[in-house]
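Line by line, the protein sequences are chains G and F. Residue numbers for the first sequence follow my numbering, beginning at 1 and rising by one. Residue numbers for the second sequence follow my numbering, beginning at 1 and rising by one.
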Amino acid sequence: MKEFLRFLSRCIRITFIGDWRYQLWMLLLTVLALLGLNAYCKQLVYGLVETGMSDHVSWGLYIANFTFFVGIAAAVVMLVIFVYVYRDDKLHDLVIFGELFAVAVIVMCLLFVTVDLGRPDRFHHLLLRFNFPISMLTWDVIGLNGYLLLNLYVSTYLIYCAYRKREPRKALFVIPFVLITIVWAISIQLVEAFLYVGLSARPFWNNAIIAPRLLASAFAAGPAIIILTLQVIDRFTSHHVPGRAMLMLRQVVIVAMTLSIFLLISELFTEFYAGTAHISSTRYLYFGLHGYDGLVPWIWSAIALNVFALVILYLPIARNPQVLSFACILLIVGVWIEKGMGLVIPAFIPTPLGEIVEYTPTINEVLVCIGIWAFGLLVYTAFVRVAIPVLSGRLTYDQPFASAFSEIPHAQSSHTSAREKLP
Amino acid sequence: MTQHSADNTDAGPHHAKMTRRSFLRRGGVAVGGAAALVASLKPLMDPELDPGDLGSIQRFLQKHYKEMSTEDMDAALARIRNDVERRYGLRPDIRDIKPMDGVEFVFALNLSRCIGCRKCVHACVAENNQSRDPEIQYIRVLEMPKGTIDIERASHHYDRPKVPSEDHFYMPVQCHQCTRPPCVKVCPVEATWQEPDGITVIDYDWCIGCRYCEAACPYWARRFNFTPPRFASDEQIAQNPDIVKEQLNPDMSYLSNRPREKGVMEKCTFCLHRTREGKMPACLEVCPVGARKFGNVLNPDSDISRILRNKRVFVLKEEAGTLPRFFYYFDERRSRSGSDELDAPAAQSGEDA
């Protein structure tokens, strides 16, 4: 126990140490996070009127980001499946990076829900009267926190074992939890979809295809983000990421995105061919309604980005890491628009009484979001900062702390990057 | 043992490295960080912030409505009484009114009569102590072109010198007090529930403000306090410093019209502080054409029971599966003419058959 506490204190200390680029990056993230905190304090004092939300559009950017990031967190499971189900042990370290990523993203998700609350000071009411299993939000609370703990546990255990130079007892302490994580990840996605799908008041959501679409696009955007983070890790740290991992994830992205576009076409056909009165929200999203068309340019850019990214990914040129990154960025932006703004906002327009009030986020609201993003990145950078020296055996329990950063990890110089390795 | 030696080697070279310069630098970073943190928390020091706004210990410890004992409720009511007096300068008559046995309230609205004057909207605001700036309204009157009941064709913000318009009819919508309320289902903390007399209420001290219920309501009947409620605008207060006291309705109950706070949900409660004591809802009382009918549906002789039996009633969005306790109907013979067919229920049923 004492050794573990010392491990934690060393982890915290090492996150403050790095070269100037690392320091600058962390400083930037800290400043952005504090700006977000400042904006949130304003909202806390003056109320949610500081956001663009109204009784008409009562959920906005916060819940949109929340929905998007739940999917991203869940998609980490793709890495886990490859390593543990297909027994590709060489990618083992990647699972740790993936799970740490999931932890950071879930922290962001929890922050996004918290800033959306009108009375965050009553958060403890969830513990006192929990409307389980009736309210889907309670499932979400359990799902997200459980997922957070699972990933935190598995990654901490594996890193700590490396720190203690012990062989992890996988059969007992890892594999069962990893298997639970796989099921759990898909469940949080499903619960997230059910949160919306179960509302008969909103025909735009009350639609069985929402859940599969949410899963498909999350399993495209999630691995795409992981490809990007792995490339960053490969480029800026001493940790080498095998090019094979990227290509494997690329396959996942391709399949998931293809499926996602297929489901989109099914949905659009059903809605528009029948043309019932229930498609007002869909019409508002894609074509505008009674002259209101705030989301139209967004959704078409999202579709264009997704299709374009998919075409690039299918081409052999996507084996090139830079092209792959480019396609991934397009796809992530596309899915972010589609699954965030595109899924949440239109359901409120028009209102159940047919009134059309559009939604534009305020600067303050955007600042809060940027703050949470920055905080998430800050957390993840710190995790990676700890994980790399430990996994490479430079920071262990029997070595002095200083040896961990005698060679400050970074830089493209020492190792061959994934770029040249790709076939 | 290894632990000890590791501890020493850990501290050793590190301390040697800790020069005055690095100490100062670290101190500088720590101070700078703390200052930045404090600066970003600055909005919390706003003098306009009411001390009650961010919550008090008393309120933090207050139990859920259904778990409160009589003493707990008395303490809560005393606290609210003091809060209201301190904030608004008026001592309210606030109590916790329980539902009556054998009563289930139902509302019916005669669309042939409604003239769209919106008197109900404003009477409701005055009765239920909604925020005036910005104004929160529970009732939305829809102006519908004749020949459709598609609410997407309704006008919400019609502004005519004279109502009714000949080409339109008017359809007020408020909380339908559903028998299967989707808003209750989704609430993660059970801050909203259906009472035995059919009224869906909110414990304003329990709501966490997630607005899931607002997304779930098919009738757009719930309202959120995006700002701290204000009972008069700054100009009004400048003209008449006593206006808040004058506008506030002192006849309050815990589950209905006591002043709400920022960040919580609210909705129509069928004026339960009136109706549970035998009075009619404020919207009904003010209606100049008698379009609104309200009563106990469990009493077969009540007006409301006769309307449900004899009129061609319908509910809004039946397909949503909510089983509303709010019905609409049209007069079959004459409209807006003043003839009250309720007086001839027998003839009515004959016509229906």
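Note that CB positions come from ideal geometry on N, CA and C, so glycine has one too. Just so you know, these numbers come straight off a predicted model, no measurement behind them.
Exercise. Thinking C-beta only, is G/Ser280 closer than 8 Å to G/Pro350?
Worked result: Position 350 of the first sequence, counting from 1, holds the residue named residue 350 of chain G. Position 280 of the first sequence, counting from 1, holds the residue named residue 280 of chain G. A distance below 8 Å separates the beta carbons of G/Pro350 and G/Ser280.
Problem set entry | F/Phe326 beta carbon near the ligand MN (any heavy atom closer than 7 Å) | The ligand MN is not among the ligands present in this structure, which contains no ligands whatsoever.
Problem set entry | Assigned secondary structure, F/Thr179 (DSSP; H/G/I helix, E/B strand, else coil) | On the second sequence, position 179 is the one that residue 179 of chain F refers to. The three-state secondary structure of F/Thr179, taken from DSSP, is coil.
Exercise. What does DSSP give as the partner residues of F/Ile202 in its beta bridges?
Worked result: For the purposes of this step, residue 202 of chain F is taken as residue 202 along the second sequence, with counting starting at 1. DSSP output for F/Ile202 lists F/Thr192 as bridge partner(s).
Problem set entry | Completely contained alpha helix (DSSP H) runs for the region 127-176 of chain G, where each covers 4 or more residues | DSSP assignment within the region 127-176 of chain G yields the following whole alpha helix (DSSP H) runs of 4 residues or more, N-terminal first: 136-163 and 170-173.
Problem set entry | Limits of the unbroken alpha helix (DSSP H) element including F/Pro145 | Looking up residue 145 of chain F in the second sequence gives position 145. F/Pro145 -> not in any alpha helix (DSSP H); beta strand (DSSP E) instead, spanning Arg140 to Pro145.
Exercise. Should G/Leu34 and F/Ala36 be called a contact, given that it needs their Cβ atoms to be closer than 8 Å?
Worked result: By one-based count along the first sequence, residue 34 of chain G stands at place 34. By one-based count along the second sequence, residue 36 of chain F stands at place 36. Their beta carbons are under 8 Å apart, which means G/Leu34 touches F/Ala36 by this criterion.
For this session: Indicate whether at least one CB of chain G lies closer than 8 Å to the CB of F/Glu152.
Result: For this step, residue 152 of chain F is matched to residue 152 along the second sequence. So, interface residue.
Problem set entry | Cβ-based contacts, 9 Å cut-off: residues of the region 123-140 of chain G near chain F | Residues passing the 9 Å Cβ filter: Phe123, His124, His125, Leu126, Leu128, Arg129, Phe130, Asn131, Phe132, Ile134, Ser135, Met136, Leu137, Thr138 and Asp140.
Exercise. Interface residues of chain F around G/Asn38 at Cβ under 9 Å?
Worked result: Numbered from its first residue, the first sequence carries residue 38 of chain G at position 38. Ordered by position in chain F, the residues that pass the 9 Å Cβ test against G/Asn38 are Ala39, Ser40, Leu41, Lys42 and Pro43.
Problem set entry | For F/Ala108, the first and last residue of its enclosing alpha helix (DSSP H) | Numbered from its first residue, the second sequence carries residue 108 of chain F at position 108. Note, F/Ala108: premise wrong, no alpha helix (DSSP H); beta strand (DSSP E) at Phe105 to Asn110.
For this session: Take G/Leu199 and list the residues in its own chain whose beta-carbon comes closer than 7 Å to its own, dropping the five residues that flank it on each side.
Result: Numbered from its first residue, the first sequence carries residue 199 of chain G at position 199. Within the same chain, G/Leu199 has close Cβ partners Trp205 and Asn206.
For this session: Under 8 Å between beta-carbons, which chain F residues line up against G/Ala277? List them in chain order, please.
Result: Looking up residue 277 of chain G in the first sequence gives position 277. Within 8 Å Cβ-Cβ: Asp150 and Glu152.
For this session: Quickly, what does DSSP pair F/Ser155 with across the bridge? List them, please.
Result: Here residue 155 of chain F corresponds to residue number 155 of the second sequence, with the count starting at 1. Residue pairing for F/Ser155: DSSP places it in a beta bridge opposite F/Glu143.
Exercise. Is it the case that the Cβ atoms of G/Leu5 and G/Tyr163 are separated by a distance below 8 Å?
Worked result: As a first step, residue 5 of chain G must be located in the first sequence, where it is residue number 5. As a first step, residue 163 of chain G must be located in the first sequence, where it is residue number 163. G/Leu5 is not a Cβ neighbour of G/Tyr163, given a cutoff of 8 Å.
Exercise. To which residues of the same chain is G/Ser58 closer than 7 Å at the C-beta, ignoring the five residues directly before and after it?
Worked result: On the first sequence, residue 58 of chain G is found 58 positions in, with the first residue counted as 1. Here the set comprises Phe348.
Problem set entry | F/Glu266, enclosing beta strand (DSSP E) - first and last residue | Along the second sequence, read from residue 1 onward, the residue named residue 266 of chain F stands at position 266. Judged by DSSP secondary structure, F/Glu266 falls within the beta strand (DSSP E) whose first and last residues are Met265 to Lys267.
For this session: Spell out whether any CB of chain F is found under 8 Å from the CB atom of G/Cys328.
Result: In the first sequence, counting from the first residue as 1, residue 328 of chain G sits at position 328. No, its Cβ sits nowhere closer than 8 Å to a Cβ of chain F.
Exercise. Going straight from the alpha carbon of F/Leu24 to that of G/Leu29, what length do you get?
Worked result: To locate residue 24 of chain F, count along the second sequence from 1; it is residue 24. To locate residue 29 of chain G, count along the first sequence from 1; it is residue 29. Per the coordinates, the alpha-carbon of F/Leu24 lies some 23 Å from the alpha-carbon of G/Leu29.
Exercise. Residues bridged to F/Pro172 by DSSP?
Worked result: Here residue 172 of chain F is taken as the residue at index 172 of the second sequence, counted from 1. Per DSSP, F/Val141.
Exercise. Relative to chain F, which residues along the region 200-227 of chain G have a C-beta separation below 7 Å, given in chain order?
Worked result: Here the close residues are Ser200, Ala201 and Arg202.
Exercise. Hey, quick one: how far does the beta strand (DSSP E) through G/Tyr84 stretch, first residue to last?
Worked result: Residue mapping note: residue 84 of chain G aligns to position 84 of the first sequence, counting from 1. Counting along the chain, G/Tyr84 falls outside any beta strand (DSSP E), and DSSP gives it neither H nor E.
Problem set entry | Neighbour-count burial assignment, F/Lys267, 16 or more Cβ in a 10 Å radius | For the purposes of this step, residue 267 of chain F is taken as residue 267 along the second sequence, with counting starting at 1. Label assigned to F/Lys267: buried.
For this session: Would you decide whether G/Leu230 is buried or exposed? Buried here means 16 or more other CB atoms lie within 10 Å of its CB.
Result: As a first step, residue 230 of chain G is located in the first sequence; it is residue number 230 there, counting from the start. Flag for G/Leu230 reads buried.
Problem set entry | chain F within 8 Å of G/Trp59, Cβ atoms only | Mapped onto the first sequence, residue 59 of chain G falls at position 59. So yes, G/Trp59 belongs to the interface.
Problem set entry | Whole-Å CB distance - F/Tyr65 paired with F/Trp206, under 8 Å assumed | Position 65 of the second sequence, counted from the start, is the residue given in the question as residue 65 of chain F. Position 206 of the second sequence, counted from the start, is the residue given in the question as residue 206 of chain F. Right, their Cβ atoms sit about 7 Å apart.
Exercise. Who are the neighbours of F/Ala75 on chain G, taking C-beta pairs under 9 Å?
Worked result: Against the second sequence, residue 75 of chain F aligns to sequence position 75. The contact set of F/Ala75 on chain G, defined by CB atoms closer than 9 Å, is empty, because the minimum CB distance reaches about 18 Å.
Exercise. Is the region 84-104 of chain F touching the region 144-151 of chain F in the sense that three or more CB pairs, one from each, lie closer than 8 Å?
Worked result: They do not touch, by the three-pair rule.
Problem set entry | Enclosing beta strand (DSSP E) for F/Tyr328 [first to last residue] | Counted from its first residue, the second sequence places residue 328 of chain F at position 328. Judged by DSSP secondary structure, F/Tyr328 falls within the beta strand (DSSP E) whose first and last residues are Phe326 to Tyr329.
Exercise. Whose C-beta lies closer than 6 Å to the C-beta of F/Cys217 among residues of the same chain, with five residues either side of it excluded?
Worked result: Looking up residue 217 of chain F in the second sequence gives position 217. Cβ within range, chain order: Cys183.
Exercise. Given G/Leu100, which residues of its chain have a CB within under 8 Å of its CB, disregarding the five upstream and five downstream residues?
Worked result: By 1-based counting over the first sequence, the position of residue 100 of chain G is 100. For G/Leu100, the CB contacts under 8 Å within the same chain, skipping 5 residues up- and downstream, are Asn151, Ser155, Tyr380, Phe383, Val384 and Ala387 in chain order.
Problem set entry | F/Arg79 at chain G interface by Cβ criterion, 8 Å | Taking the first residue of the second sequence as position 1, residue 79 of chain F is located at position 79. Under the Cβ criterion of 8 Å, F/Arg79 is not counted among the residues facing chain G.
Exercise. Can the beta-carbon of G/Phe123 be found closer than 8 Å to that of F/Ile208?
Worked result: Taking the first residue of the first sequence as 1, we reach residue 123 of chain G at position 123. Taking the first residue of the second sequence as 1, we reach residue 208 of chain F at position 208. With contacts defined by Cβ atoms closer than 8 Å, G/Phe123 and F/Ile208 form a contacting pair.
Exercise. Over what stretch of residues does the alpha helix (DSSP H) that includes G/Lys42 continue unbroken?
Worked result: Your numbering for residue 42 of chain G matches position 42 in the first sequence. In the DSSP assignment, G/Lys42 falls within the unbroken alpha helix (DSSP H) covering Trp20 to Tyr46.
Problem set entry | Where the alpha helix (DSSP H) through F/Asp251 begins and ends | Mapped onto the second sequence, residue 251 of chain F falls at position 251. F/Asp251 -> not in any alpha helix (DSSP H); beta strand (DSSP E) instead, spanning Asp251 to Ser253.
Exercise. Where does F/Ile115 sit, in a helix, a strand or coil, going by DSSP?
Worked result: Reading the second sequence from its first residue, position 115 is the one you call residue 115 of chain F. Residue state, collapsed to three classes: coil.
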